[in-house]
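J.:
In full-length UniProt numbering, the protein residues as written are 1 to 387.
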């Protein structure tokens with residue numbers, strides 16, 4: 001196999017973002033603050049976007065970061081049952097961040113930021129090139145439209161999709177987690193997580209699947225001679241403290257429902273309609289995603305309206321999500337109980353930012369997102385979400 005030829009994307013005028021006071025990033029219509037963090041890896045805060053009509057910056061997100069990453073292995077034997085890790089809370093994404101390699105981890109014209117942490121004895125040390133900031137263009141289209149010549153209008157406009165990326169990589173034992181915060185000029189914020197590294201494996205006497213008795217459970221897959229890759233999962237959740245035009249925010253579950261037409265109303269038998277439900281309590285905002293019960297999820301500011309009267313807001317779009325199938329009373333699942341739902345919304349509490357609990361080592365699940373949310377608490381303002 002011949003490797004592909006190198007691809008180089010040039011910026012003759014240099015990058016179009018600036019970084020002031022080493023932490024304040026300004027790019028296109030965005031402004032936000034970056035902070036290296038020993039546990040979360042990177043914290044994005046005070047994200048604001050420019051309003052083209054008023055020329056003023058508008059609040060979008062007060063703070064966002066990786067809250068926890070639960071990695072349970074599915075081998076219940078004595079040698080493996082305890083391998084259920086909290087990679088952020090137990091190891092620290094920032095503490096496990098490796099220096100990023102220019103031109104390979106991050107492209108040309110990237111800006112690098114060091115992290116400064118304290119060792120166990122309090123001695124400060126520097127984690128060099130821990131975060132990089134760069135503009136990304138992959139040949140994608142950001143927006144386009146063309147009008148047919150039949151209309152008599154010669155309209156054709158295409159805008160390339162250029163994003164600003166904040167990247168860090170945490171190498172936790174055998175896995176490398178690539179966490180990207182992407183900002184688009186249309187106001188979108190996207191969080192992407194890439195998984196690389198090598199599998200955690202165990203030894204076996206088997207060299208071929210034909211040697212394995214039908215009734216034997218390997219708790220994984222025979223990958224090579226004498227090597228089994230153990231079945232496991234990675235559940236990552238993010239803390240998002242949204243401030244849409246201020247802290248007076250509400251969470252709205254927009255259910256998409258089928259409506260039957262009445263006799264003689266239409267040639268159609270059904271159509272879809274949106275039913276908006278504003279969450280009043282934490283229980284109302286605990287979301288399990290369902291393929292055949294589609295919904296949209298909005299964080300709105302009911303006191304701020306658009307020019308046509310709708311409340312301003314942001315749509316929260318879950319990415320590639322999965323539900324844990326472990327028994328709810330299983331000890332690992334109690335510790336990783338934030339995987340019981342795909343979205344949680346709670347009122348602000350400074351001590352409730354880490355989904356697996358403030359102190360994760362040898363914890364028993366008594367201080368997790370699930371226990372905080374098991375209260376009848378009303379949601380009024382200054383909400384934050386876990387996704």
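The beta-carbon is built from N, C-alpha and C at its ideal position, and this holds for glycine as well.
All figures in this text were calculated on a predicted structure; none of them were measured in a lab.
#1: Specify, as a first and last residue, the run of the alpha helix (DSSP H) that residue 346 falls within.
#2: Could you check which residue in 215, 115, 321 has the C-alpha nearest to that of residue 191?
#3: Can you check the segment 225 to 279 for any beta strand (DSSP E) of at least 3 residues that lies completely inside it and give the ranges in chain order?
#4: Does the beta-carbon distance from residue 348 to residue 244 come in below 8 angstroms?
#5: From which residue to which residue does the alpha helix (DSSP H) around residue 332 run?
#6: Pull up the DSSP beta-bridge partners for residue 361, would you.
#7: Alpha carbons only, please: which of 343, 248, 282 is nearest the one belonging to residue 312?
#8: Distance check for residue 367 and residue 202, CA to CA, integer angstroms please.
#9: Please report the residue range of the beta strand (DSSP E) in which residue 24 lies.
#10: Quick one: Cα of residue 307 to Cα of residue 338, how far?
#11: State the beta-bridge partners of residue 35 as determined by DSSP.
#12: Can you list, in chain order, the residues of its chain with a C-beta nearer than 6 angstroms to that of residue 96? Leave out the 5 residues immediately preceding and following it.
#13: Under a Cβ-count criterion, where at least 16 other Cβ atoms within 10 Å of its own Cβ denotes burial, should residue 250 be classed as buried or exposed?
#14: Please give me, in chain order, every unbroken run of the alpha helix (DSSP H) with length at least 4 that falls completely inside the segment 109 to 147.
#15: Go ahead and label residue 298 buried or exposed: buried means 16 or more other beta carbons lie within 10 angstroms of its beta carbon, across all protein chains shown.
#16: Within 10 angstroms of its Cβ, does residue 220 collect 16 or more other Cβ (buried), or is it exposed?
#17: Taking the straight line between their C-alpha atoms, what separation do you get for residue 270 and residue 182?
#18: Any idea what DSSP makes of residue 19, helix, strand or coil?
#19: Which of the three DSSP states is assigned to residue 338 in this structure?
#20: Got a sec? Which residues, its chain only, sit under 8 angstroms from residue 259 by beta carbon, not counting five neighbours each side?
#21: Rounded to the nearest angstrom, what separates residue 147 and residue 158 at their Cα positions?
T.: In brief:
#1: Under the DSSP assignment, residue 346 falls outside any alpha helix (DSSP H), being part of the beta strand (DSSP E) whose first and last residues are 344 to 347.
#2: Distances from the CA of residue 191 to each of 215, 115, 321 were compared; the closest alpha carbon is that of 321.
#3: Entirely contained in the segment 225 to 279, the beta strand (DSSP E) runs reaching 3 residues are, in chain order, 227 to 230, 235 to 242, 250 to 260, 270 to 278.
#4: No, Cβ-Cβ distance for residue 348 and residue 244 is not below 8 angstroms.
#5: For residue 332, the enclosing alpha helix (DSSP H) begins and ends at 331 to 335.
#6: Secondary-structure assignment with DSSP links residue 361 through no beta bridge to anything.
#7: Looking at the Cα atoms, 248 is the closest of the given residues.
#8: About 32 angstroms.
#9: Annotation for residue 24: the continuous beta strand (DSSP E) segment containing it runs 24 to 27.
#10: Roughly 38 angstroms between the two C-alpha positions.
#11: Bridge partners of residue 35: 43.
#12: So the qualifying residues of the chain are 170, 171, 172.
#13: With a threshold of 16 other beta carbon atoms within 10 Å, residue 250 meets it and is buried.
#14: DSSP runs (the alpha helix (DSSP H)) wholly in the segment 109 to 147: none.
#15: Counting Cβ neighbours within 10 Å, residue 298 comes out buried, since at least 16 surround it.
#16: Buried, since its Cβ has 16 or more Cβ neighbours within 10 Å.
#17: If you take the alpha carbons of residue 270 and residue 182, they lie about 38 angstroms apart.
#18: Note: residue 19 maps to strand in three-state DSSP.
#19: Correct three-state label for residue 338: helix.
#20: Closer than 8 angstroms at Cβ, skipping near neighbours: 270, 271, 272, 273.
#21: Those two C-alpha atoms are separated by around 12 angstroms.
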